[in-house]
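For my numbering, count along the sequence shown from 1 and bump the result up by 27. Even glycine gets a Cβ: it sits at the ideal position worked out from N, Cα and C. Just so it is clear, the structure is predicted and the values come from calculations on it, not from any experiment.
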Amino acid sequence: MSFSFLIDIQIFLIEHRDWLRAFHIISFIAWMAGLLYLPRLFVYHAQTQPRSEASETFKIMERRLYRGIMIPGMVLTFLFGVSLLFTSQYFAKGDYWMYLKIFLVLSLASAHGHMGKWRRRFELDQNTRGPGFYRVINEVPTVIMICIVFLVIFKPL
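Below, the structure written as structure tokens:
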């Protein structure tokens, strides 16, 4: 791959930066919808008996949400986010807020992974946690999302 090809890609990305930003925000919203809703499903699922009709319904809902919305939302958020990094000078300018944003997004990815693990335990009827645990966990993505929004709007660092 030649260096000029990379420059051509960067120019293309810069010329379409507004589209990248729009799709980045849309995919982030989709991902966050799942991160906010899945723990709420876990709260209700934890109140059912294993292998009951309600439990089996929650398993389907959780699987579809995780695989159909959350995974594509996360992948596209990362894809468009990394593309946007190639169109900017954040790291050259010393915009430290961007480092914190990346850390927070990686924290959301970690929460996503944990939710996938918990979803799998529910699917195998091996959940050992009560609804209270999932009520608390439900707040974690919200707090991280609020921090990301403030960082992006105010760029304090």
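Assigned with DSSP and collapsed to three states, D45 falls in helix. Secondary structure note for I173: its alpha helix (DSSP H) is the uninterrupted segment 166-181.
In this structure L40 is in contact with T114, their Cβ atoms being roughly 5 Å apart against a cut-off of 8 Å. Counting the other Cβ atoms within 10 Å of the Cβ of Y126 gives fewer than 16, which makes it exposed.
In the three-state scheme derived from DSSP, where H, G and I count as helix and E and B as strand, G121 is classed as coil. Taking 8 Å as the upper bound for CB-CB distance, G143 and Y93 are in contact here, some 6 Å apart. For A81, the enclosing alpha helix (DSSP H) starts and ends at 80-92.
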